[in-house]
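Protein sequence lines, in the order shown, are assigned to chains A and B.
When you line the first sequence up against the numbering used here, it's residues 1103 to 1573, in that order.
When you line the second sequence up against the numbering used here, it's residues 894 to 1087, in that order.
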Amino acid sequence: MGKTLFEKIWDTHIVVEKENGPSLIYIDRHLVHEVTSPQAFDGLRMNNRTVRRPDLTIATMDHNVPTNNRTLPILDQTSKVQIQTLEKNCNDFGIQLFDINSPNQGIVHVIGPQLGITLPGSTIVCGDSHTSTHGAFGALAFGIGTSEVEHVLASQTLWLEKPKPFEIQVKGKRKNPHAITAKDIILSIIKNIGTSGGNGTVIEYKGEGIQDLSMEQRMTICNMSIEAGARAGLIAPDEKTFEYLRGRKYTPKNYESLVDYWRYNLKTDNDAKFEKNYTLHIDDIAPQVSWGTNPGMTCDVTESVPFPETFSKGDQNQKKGAEKALEYMALKPGTPITEIQIDRVFIGSCTNARLEDLIEASKVVKGRKTSTHVRAMVVPGSQMVKKQAEELGLDKIFIDANFEWREAGCSMCLGMNPDILSPGERCASTSNRNFEGRQGTGGRTHLVSPVMAAAAAIEGHFVDVREMDLN
Amino acid sequence: MQSFRKIKTILTPLDKVNVDTDQIVPKQFLKLVQKSGFGKFLFYNWRYDDHEHLKSDFILNDPKYKYSKILVAGDNFGCGSSREHAVWALLDYGISVVIAPSFADIFYSNCFKNGLLPITLDDETIEKLQREIGEVEVDLENQKIRTSSENISFDIDSHKKKILLEGLDDIAQTLLYEKKISEFEKHSKIPSVL
Chain A
1103 MGKTLFEKIW DTHIVVEKEN GPSLIYIDRH LVHEVTSPQA FDGLRMNNRT
1153 VRRPDLTIAT MDHNVPTNNR TLPILDQTSK VQIQTLEKNC NDFGIQLFDI
1203 NSPNQGIVHV IGPQLGITLP GSTIVCGDSH TSTHGAFGAL AFGIGTSEVE
1253 HVLASQTLWL EKPKPFEIQV KGKRKNPHAI TAKDIILSII KNIGTSGGNG
1303 TVIEYKGEGI QDLSMEQRMT ICNMSIEAGA RAGLIAPDEK TFEYLRGRKY
1353 TPKNYESLVD YWRYNLKTDN DAKFEKNYTL HIDDIAPQVS WGTNPGMTCD
1403 VTESVPFPET FSKGDQNQKK GAEKALEYMA LKPGTPITEI QIDRVFIGSC
1453 TNARLEDLIE ASKVVKGRKT STHVRAMVVP GSQMVKKQAE ELGLDKIFID
1503 ANFEWREAGC SMCLGMNPDI LSPGERCAST SNRNFEGRQG TGGRTHLVSP
1553 VMAAAAAIEG HFVDVREMDL N
Chain B
894 MQSFRKIKTI LTPLDKVNVD TDQIVPKQFL KLVQKSGFGK FLFYNWRYDD
944 HEHLKSDFIL NDPKYKYSKI LVAGDNFGCG SSREHAVWAL LDYGISVVIA
994 PSFADIFYSN CFKNGLLPIT LDDETIEKLQ REIGEVEVDL ENQKIRTSSE
1044 NISFDIDSHK KKILLEGLDD IAQTLLYEKK ISEFEKHSKI PSVL
């Protein structure tokens, strides 16, 4: 019987295999950031251990860095200590660090591919659940906890139970690719399979609807695999993948010979078997807006806030969850989504802060102004994205429309830095999690695509971006 | 790592599904650089009001459950962020067993690195446990939960069980395979970054 792409990558990374129990898997790339690593480095010190492969390890600071003027000192002392701790750890253990002043600094899942560190067929880990992003390149990439960060630092391996392969077919063509984005595809998938629908699996996204996407759009899809509970998401590499990585800062010298190998080996065999399957048809999907407190609580922009009893399909837990979510979100069932007024707009995060995201959002914003009661900000995913966007004049478009134009970081996706919502504020956000308090205690998050966020900033409430003229 | 064998306390029923790690320990408390001291931040936004006073309507604040070490929760416990701080917070607060119909993958694996026992049981048994008011014994070695009226078995992977029972240092075990790791590296197709 044939193998899935996931199984091929898994099999070529087994160091030790046992009949029952986990396998020892080799890790090709380890990305490190300031929040989930300090305790891991401490563990190494306490046991007199070293970093086995500093040459496979890359660090940056992204989670709690301020996104305003970088020449100013960091005011939050605990953030400052965490940032300085990463500097010291990288220095002590010989790890390459892109620090706060580096032109390569940025969200770890944005800079990995941009620098050519992410490679097809490789295994990639990071102490961050959105590591699944790198799966867009046909890498097996997943988030780990701090103990596992320490384990990889010390041994370059991990003991892992083999997840089950899950095939998601995305069929059809989007009618309006500027308005219906990769974000709408992945939110539709999560809405349908649920936030635990992918638990214990690695999702492979396939079909015309995926092949049509650019690399940056594919990253948005794989990024949110974790929101469906999956360990990882991946997409078989094709010529778009190989072209994207060509000539980047850390693209390997023998790249073309690797491509020759990947082209024929990194795909799922026709007779391979998946444990689970799901198909999404995208011909007629609408822009998505989340209404609740997990990413599965999402509906079309043309719909209304659901009534918990209809949503539940008789499941008491689902009904209770929906009621609690609506209470937290201060939404009345039956309210049209387009009548929900917003206070803040956040265009950023490892899900949607790449150059294409900013270009698409700028087409909505160009020549317009944000609604007077909305505070909107753009936080590019990396300093490289910021620079490229500025070369295209995007910063001026956003600033002219009264958006704030920031330095790179995770920012208001999780609000570890000063960019947070005030209690009760409602935000249209291009990030990945609408959990209670995620963007600030008492803050209310609606997940949307960059163009939907931009449109909401202009109108002051959600609008169907398909009805707006793009510039 | 601390080992886990057996405990006996009352259960704390947390009747919520999809409890994400942002709720278990909110992000503003992730800035510490050590593993200790996260207990006071556990379920912070559910336990405390805006003036940092304990909310009387949250179950963990009921004095009855003060010494409970067993949390019983709904589906998909620990979803979301990979933050191991969630496990550190539970342990530091005093919880050493979490029982739920299902767990998110990263949280589940983080438990075994720190001596926290996650137990998966079917919905019906969980509902029964949620109503249990007496002390309950969780015995890992025999894979049993003993209530006043019942003896409930649970499944756990034998490798994971051993890790918890013996409090094994995972890394020391792995480094015994040094030769195999070096051998793998000789044949790896993926080149170094630098």
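Where is the CB? At the ideal position from N, CA and C, for every residue including glycine.
What is the residue span of the beta strand (DSSP E) that residue i lies within?
i	result
T1303/A	1303-1308
W1261/A	1259-1262
G1145/A	Careful: G1145/A lies outside any beta strand (DSSP E), inside the alpha helix (DSSP H) at 1140-1148.
D968/B	Looking at the DSSP string, D968/B is not in any beta strand (DSSP E), and its letter there is neither H nor E.
Q1390/A	1390-1392
M1479/A	1477-1480
F1448/A	1446-1449
F1268/A	1266-1273
S1531/A	1528-1531
Whose C-alpha, out of the options, is nearest the C-alpha of residue i?
i	options	result
F970/B	D1340/A, G1145/A, T1297/A, V1212/A	T1297/A
M894/B	E1059/B, I1074/B, K1072/B	E1059/B
N1193/A	I1176/A, L1460/A, T1162/A, T1169/A	T1162/A
G1526/A	R1540/A, M1518/A, N1206/A, N1534/A	R1540/A
M1326/A	R1477/A, G1208/A, T1453/A	T1453/A
D985/B	Y1001/B, L904/B, G932/B	G932/B
E1578/A	K1426/A, D1402/A, F1344/A	Given that chain A is displayed from residue 1103 to residue 1573, the structure contains no residue 1578/A and the question cannot be resolved.
L1126/A	P1215/A, V1117/A, R1446/A, R1155/A	V1117/A
L1347/A	G1311/A, Q1313/A, L1221/A	L1221/A
N1044/B	N1035/B, D1050/B, H1052/B, S1051/B	N1035/B
K1308/A	G1196/A, A1556/A, I1270/A	I1270/A
N1573/A	H1280/A, G1483/A, G1335/A	H1280/A
S1081/B	K1182/A, D1521/A, S1224/A	S1224/A
V1251/A	N1170/A, D1230/A, V1304/A, N1149/A	D1230/A
G1027/B	N911/B, Y958/B, P994/B, D908/B	Y958/B
G1208/A	G1394/A, H1165/A, A1238/A, S1551/A	H1165/A
F845/B	V918/B, Q927/B, V926/B, K928/B	No answer is possible for residue 845/B: the residues shown for chain B start at 894 and end at 1087.
L1107/A	F1376/A, A1463/A, P1438/A	F1376/A
Using the beta-carbon of each residue, which ones in chain A are nearer than 7 Å to residue i?
i	result
L1087/B	D1157, Q1198
R976/B	T1138
N1035/B	None at all; the shortest Cβ gap to chain A is about 20 Å.
F1077/B	V1117, Y1128
H1052/B	G1123, P1124
Using the beta-carbon of each residue, which ones in chain A are nearer than 9 Å to residue i?
i	result
Y1070/B	V1117, V1118, L1126, S1257, T1259
I1074/B	V1117, V1118, L1126, Y1128, R1154, S1257, Q1258, T1259
Residues of chain B with CB closer than 7 Å to the CB of residue i, please, in chain order.
i	result
P1354/A	P1084
G1237/A	Per Cβ cutoff of 7 Å: no residues; G1237/A is ~15 Å from chain B at best.
L1133/A	Under the 7 Å cutoff, chain B gives no residues; its nearest Cβ is about 10 Å from L1133/A.
G1302/A	D998
G1450/A	Correct list: empty, because the minimum Cβ distance to chain B is about 15 Å.
N1166/A	K924
Which residues in chain B sit within 9 Å of residue i, going by Cβ to Cβ distance?
i	result
T1219/A	Before going on, a small fix: residue 1219/A reads as Ile here, not Thr. Ordered by position in chain B, the residues that pass the 9 Å Cβ test against I1219/A are V1086.
H1253/A	K1006, D1063, I1064, T1067
Q1184/A	L923, K924, L925, V926
Residue i lies in the alpha helix (DSSP H); which residues open and close that run?
i	result
L1068/B	1063-1068
G1214/A	1210-1216
D1497/A	1496-1502
A1510/A	Taken as a continuous stretch (DSSP letters only), A1510/A belongs to no alpha helix (DSSP H), as it is neither H nor E.
I1323/A	1317-1325
L1460/A	1457-1467
G1423/A	1418-1431
Q1490/A	1485-1493
P1552/A	1552-1561
Report the neighbours of residue i on chain B: residues whose CB is nearer than 8 Å to its CB, in chain order.
i	result
E1538/A	D915, Q916, N938
M1518/A	K920, Q921, L923, K924
I1160/A	V1086
For my contact list, residue i and residue j are in at a C-beta cut-off of 8 Å; report their separation, rounded to the angstrom.
i	j	result
I1226/A	H1236/A	5 Å
N1260/A	H1253/A	Note on identity: in this sequence residue 1260/A is Leu, with Asn being the wrong assignment. The Cβ separation is near 6 Å, so the contact holds.
E1030/B	K909/B	With a Cβ gap of about 25 Å, E1030/B and K909/B do not count as contacting.
L1069/B	A1256/A	Wrong, their Cβ atoms sit about 12 Å apart, outside the cutoff.
Q1184/A	E1136/A	5 Å
V1272/A	I1384/A	6 Å
G973/B	R1155/A	Rounded, the Cβ-Cβ distance is 29 Å, inconsistent with contact.
Sorry if obvious, but does the Cβ on residue i come closer than 6 Å to a heavy atom of the ligand HEM?
i	result
P1389/A	In terms of ligand content, the structure shown is empty, and the ligand HEM therefore cannot be addressed.
For a contact defined as C-beta to C-beta under 8 Å, what are the partners of residue i on chain A?
i	result
N911/B	T1297, S1298, N1396, G1423
N969/B	T1297, S1298, N1301, G1331
Continuous alpha helix (DSSP H) assignments of at least 4 residues falling wholly in the stretch 989-1041 of chain B = 998-1004, 1016-1023
task = Quick one: which unbroken beta strand (DSSP E) runs of 3-plus residues sit fully inside the stretch 1131-1199 of chain A? Chain order, please.
result = 1131-1134, 1159-1162
task = With a floor of 4 residues, list each alpha helix (DSSP H) that falls wholly inside the stretch 914-989 of chain B, ordered by position along the chain.
result = 914-917, 937-940, 978-986
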